[in-house]
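First the structure, in the form of structure tokens, and then the observations on it.
There are 2 protein chains.
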Amino acid sequence: MASKKPQARTNCSVCPLRKNEAFRDFNRGELQFIEGFKTGELTVDKGAVILVEGSHSPHLFTVLSGVAFRYKILEDGRRQILNFALPGDLIGLQGTVIGEMEHSVEALTPMSLCLFERSRLESLFREHPGLAFDLTWIAAREERILDEHLLSIGRRSALERAAYLLAFLYRKFDATDAFANGKPIFPITQQLLSDTLGLSIVHTNKTLRKLADRSLIRWKEKGCEIIDPDGLAAIANWDWETEIDRPFI
Amino acid sequence: MASKKPQARTNCSVCPLRKNEAFRDFNRGELQFIEGFKTGELTVDKGAVILVEGSHSPHLFTVLSGVAFRYKILEDGRRQILNFALPGDLIGLQGTVIGEMEHSVEALTPMSLCLFERSRLESLFREHPGLAFDLTWIAAREERILDEHLLSIGRRSALERAAYLLAFLYRKFDATDAFANGKPIFPITQQLLSDTLGLSIVHTNKTLRKLADRSLIRWKEKGCEIIDPDGLAAIANWDWETEIDRPFI
DNA sequence: CGCCGTATTGACAATCCTCAAGTAAGGTGG
DNA sequence: CCACCTTACTTGAGGATTGTCAATACGGCG
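Protein chains in written order, with the working numbering: chain A, 101 to 349; chain B, 101 to 349.
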């Protein structure tokens, strides 16, 4: 029983996220509970749709590795990307309100995710108030991020908006070591950036060019390299607070 | 001790919100806890700033009566209104993340609010998992609303955006009987609408005129009367689900 | 090799913003 | 009661930003 692990399942006790200084660790009781709470692991390819708008998913997920994005679409196809999910981020909590998802989630890279049963949330709240508080904390944090995005899309110019988004993504990737090879490059297309910024793809391209001309970023074969994150944040007038010891489930 | 109530404090046992069918009721134990959790009541005039961006408030609030709005501002004064708070809505939960508020809240009308101590949240989570779940539910619901707002500002045209916002506000006001005199008129200025829509005030005015020309709304002395909420929702292509029995604290 | 997805660029059009001026209603002080 | 504020709403004109269309380039992949 010692080193036998036929399944692809990562045991929570050796969860790599726990070692990351960005996250707070569990105590023994919580760890034990989480191990039981986790009912499986999902591995998907890039492009896979993990949750669909309008569906009733019985699951919650935590990203173990890889990157996903949440989005909503209007009937005629216009799409708005709401946020990105990186290792440690929880997916699907919004569905607990009516049960029906009001946004979709798609994998931007190959991913693995921890699987939880929504129906067992109740026992989490009953038995582990600390973890329950963490859940609320996580939801409140997402709210703050959405607030900032709203400010950005509503009131910042295209250039400021792009600068904010790239600085935001840089911080997010950097905090969880999500940069694949150590270099600050994220694997994103201009189509995705434009759907996040609420801009057309052409105008996004021209805006990115301006940022590149100022040596703030560099566009690579497939992705965007961040050269000067502080410069980007300065353009957007965005205060950049480093997060440490944030909870995750 | 029977009918002696020298203070302006509304006792939770006679809280008018509990009678509203939009909200779910508490059980006896929860009611008792909430009565202790509530440490005061705040009454403010229109225009009062209840929470300020950058401050560390030790309080949470639930709106008892009146209307408020949450907003963020950029250094040069550009303002984005994020959402509105009506009776039953919780204010300040986002501040539990870092303690520091990242948005401000201002009273749109005279208001009264229940006052809670943030420091006592822990006991709520420990003693009343049901209420803790409600808190998470409330946060998740706010997320969904922000998601929809993001879609709106990012991807809808000015006309669609205005139609969505007015339909959204209509539903929100209607659900909690917040229309002062029974008529579907809310007391808002075009300046506030434009800061919610992410538009200039001039363009907001012209957009509202188009909606008025189509007999969907009527602009009154100080406020906006909604004539055809379904027509507004149709323009915005917005699905309109009625909420009942939602929790509040 | 040709096809597809992605990025790039220019020309032009639509949307939205800014400036400016004017109207209307309410409040205040003489 | 009226002159004089202030605030909010309107409207037109012109300009800046952003979107659409179209054509091209480039690399990956079957």
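No residue lacks a Cβ here, since even glycine has one placed at the ideal position from N, Cα and C.
Cα-Cα separation between residue i and residue j, rounded to whole angstroms
{"i": "residue 263 of chain A", "j": "residue 338 of chain B", "result": "31 Å"}
{"i": "residue 271 of chain B", "j": "residue 110 of chain B", "result": "26 Å"}
{"i": "residue 161 of chain B", "j": "residue 141 of chain B", "result": "9 Å"}
{"i": "residue 213 of chain B", "j": "residue 196 of chain A", "result": "27 Å"}
{"i": "residue 119 of chain B", "j": "residue 144 of chain B", "result": "24 Å"}
{"i": "residue 347 of chain B", "j": "residue 241 of chain B", "result": "10 Å"}
{"i": "residue 104 of chain B", "j": "residue 226 of chain A", "result": "Caution applies to residue 104 of chain B, whose pLDDT of 44 falls short of 50 and renders its modelled position unreliable; the model cannot decide the point."}
{"i": "residue 138 of chain A", "j": "residue 188 of chain A", "result": "14 Å"}
{"i": "residue 135 of chain B", "j": "residue 125 of chain A", "result": "34 Å"}
{"i": "residue 207 of chain A", "j": "residue 292 of chain A", "result": "12 Å"}
{"i": "residue 326 of chain A", "j": "residue 334 of chain B", "result": "42 Å"}
{"i": "residue 269 of chain A", "j": "residue 282 of chain A", "result": "15 Å"}
{"i": "residue 198 of chain B", "j": "residue 181 of chain B", "result": "21 Å"}
{"i": "residue 285 of chain B", "j": "residue 265 of chain B", "result": "14 Å"}
{"i": "residue 74 of chain B", "j": "residue 318 of chain A", "result": "Summary: the structure shown does not reach residue 74 of chain B, with chain B confined to residues 101 through 349, and so no result is reported for it."}
{"i": "residue 355 of chain A", "j": "residue 336 of chain A", "result": "What the structure shows of chain A is the stretch from 101 to 349, and residue 355 of chain A is not part of that stretch, so it cannot be assessed."}
{"i": "residue 313 of chain A", "j": "residue 307 of chain A", "result": "10 Å"}
{"i": "residue 310 of chain B", "j": "residue 194 of chain A", "result": "35 Å"}
{"i": "residue 121 of chain A", "j": "residue 279 of chain A", "result": "16 Å"}
{"i": "residue 158 of chain B", "j": "residue 191 of chain B", "result": "12 Å"}
{"i": "residue 230 of chain B", "j": "residue 133 of chain A", "result": "19 Å"}
{"i": "residue 117 of chain B", "j": "residue 170 of chain B", "result": "21 Å"}
{"i": "residue 305 of chain B", "j": "residue 298 of chain B", "result": "13 Å"}
{"i": "residue 321 of chain A", "j": "residue 331 of chain A", "result": "23 Å"}
Min CB distance residue i to chain A below 7 Å
{"i": "residue 331 of chain B", "result": "no"}
{"i": "residue 153 of chain B", "result": "no"}
{"i": "residue 174 of chain B", "result": "yes"}
{"i": "residue 274 of chain B", "result": "no"}
{"i": "residue 206 of chain B", "result": "no"}
{"i": "residue 210 of chain B", "result": "no"}
{"i": "residue 247 of chain B", "result": "yes"}
{"i": "residue 229 of chain B", "result": "yes"}
{"i": "residue 337 of chain B", "result": "yes"}
{"i": "residue 182 of chain B", "result": "yes"}
{"i": "residue 239 of chain B", "result": "yes"}
Exposure of residue i, with buried meaning 16 or more beta-carbon neighbours within 10 Å
{"i": "residue 300 of chain A", "result": "exposed"}
{"i": "residue 303 of chain A", "result": "exposed"}
{"i": "residue 102 of chain A", "result": "Bear in mind that the predicted position of residue 102 of chain A carries a pLDDT of just 44, short of 50, making it unreliable; the figure below should be weighed with that in mind. By the neighbour-count rule (16 or more Cβ atoms within 10 Å), residue 102 of chain A is not buried but exposed."}
{"i": "residue 289 of chain A", "result": "exposed"}
{"i": "residue 261 of chain A", "result": "buried"}
{"i": "residue 329 of chain A", "result": "buried"}
{"i": "residue 127 of chain B", "result": "exposed"}
{"i": "residue 295 of chain B", "result": "buried"}
{"i": "residue 106 of chain B", "result": "In this prediction, residue 106 of chain B scores a pLDDT of 46, lower than 50, which makes its location untrustworthy; the coordinate-derived value is nonetheless stated afterwards. With fewer than 16 other Cβ atoms within 10 Å, it is exposed."}
{"i": "residue 175 of chain B", "result": "exposed"}
{"i": "residue 343 of chain A", "result": "exposed"}
{"i": "residue 247 of chain A", "result": "buried"}
{"i": "residue 113 of chain A", "result": "exposed"}
{"i": "residue 228 of chain A", "result": "buried"}
Contact with chain B by residue i, beta-carbon distance below 7 Å
{"i": "residue 164 of chain A", "result": "no"}
{"i": "residue 127 of chain A", "result": "no"}
{"i": "residue 253 of chain A", "result": "yes"}
{"i": "residue 225 of chain A", "result": "yes"}
{"i": "residue 118 of chain A", "result": "no"}
{"i": "residue 234 of chain A", "result": "no"}
{"i": "residue 74 of chain A", "result": "Given that chain A is displayed from residue 101 to residue 349, the structure contains no residue 74 of chain A and the question cannot be resolved."}
{"i": "residue 298 of chain A", "result": "yes"}
{"i": "residue 132 of chain A", "result": "no"}
{"i": "residue 194 of chain A", "result": "yes"}
{"i": "residue 197 of chain A", "result": "yes"}
{"i": "residue 311 of chain A", "result": "no"}
Boundaries (first-last residue) of the alpha helix (DSSP H) holding residue i
{"i": "residue 272 of chain B", "result": "258-275"}
{"i": "residue 161 of chain A", "result": "Careful: residue 161 of chain A lies outside any alpha helix (DSSP H), inside the beta strand (DSSP E) at 159-165."}
{"i": "residue 251 of chain B", "result": "229-255"}
{"i": "residue 290 of chain A", "result": "290-297"}
{"i": "residue 302 of chain B", "result": "301-313"}
{"i": "residue 326 of chain A", "result": "Per DSSP, residue 326 of chain A belongs to no alpha helix (DSSP H); it is in the beta strand (DSSP E), 323-326."}
{"i": "residue 332 of chain A", "result": "329-336"}
Span of the beta strand (DSSP E) around residue i
{"i": "residue 143 of chain A", "result": "138-144"}
{"i": "residue 319 of chain B", "result": "317-320"}
{"i": "residue 181 of chain A", "result": "179-185"}
Can you confirm whether the stretch 273-288 of chain A touches the stretch 235-245 of chain B when touching is taken to mean that 3 or more C-beta pairs between the two stretches lie within less than 8 Å?
Verdict: no, contact absent.
Three-pair Cβ contact test at 8 Å for the stretch 252-259 of chain B versus the stretch 153-171 of chain B:
The count of Cβ pairs closer than 8 Å, one atom from the stretch 252-259 of chain B and one from the stretch 153-171 of chain B, stays below three, leaving the stretches out of contact.
Cβ contact check for the stretch 163-176 of chain B and the stretch 205-225 of chain B: 3 or more pairs under 8 Å
Flag = yes, the stretch 163-176 of chain B and the stretch 205-225 of chain B touch.
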